[in-house]
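Reviewing the structure listed below.
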Amino acid sequence: MMQKERCPNYNHGRLNVPVRFCPMCCDVVNKNIPMAKCSDEQHAESRRKRNKYCVDCGKQLRQ
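Residues in the sequence shown are numbered from 21 upward in steps of one, following my numbering.
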């Protein structure tokens with residue numbers, strides 16, 4: 021069985037994570053934050069920040 025590589029994003033090790041999803045691997049890093057409904061404009065801004073996934077809804081933004 022192959023182990024999943026550890027994501028380099030620091031949200032996985034923080035205690036008070038300000039987002040629901042990791043922008044690099046899409047794992048839920050704070051389940052206490054409700055899932056948001058995002059607009060295309062918000063997703064465009066996340067893509068400009070070079071996020072692979074939306075931190076609010078988990079949608080994949082780039083390949």
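Beta carbons are placed, not taken as given, at the ideal position from N, Cα and C, and that holds for glycine.
- For residue 56, no alpha helix (DSSP H) segment is defined, and its DSSP state is neither H nor E.
- The C-alpha of residue 39 is placed about 21 Å away from the C-alpha of residue 83.
- Beta-bridge annotation (DSSP): residue 48 is paired with 41.
- Of 81, 25, 36 and 49, the smallest CA-CA separation from residue 67 is found for 81.
- Separation of residue 53 and residue 36 (C-alpha to C-alpha, rounded to the nearest whole angstrom) is 11 Å.
- Here the alpha carbons of residue 45 and residue 72 stand approximately 8 Å from one another.
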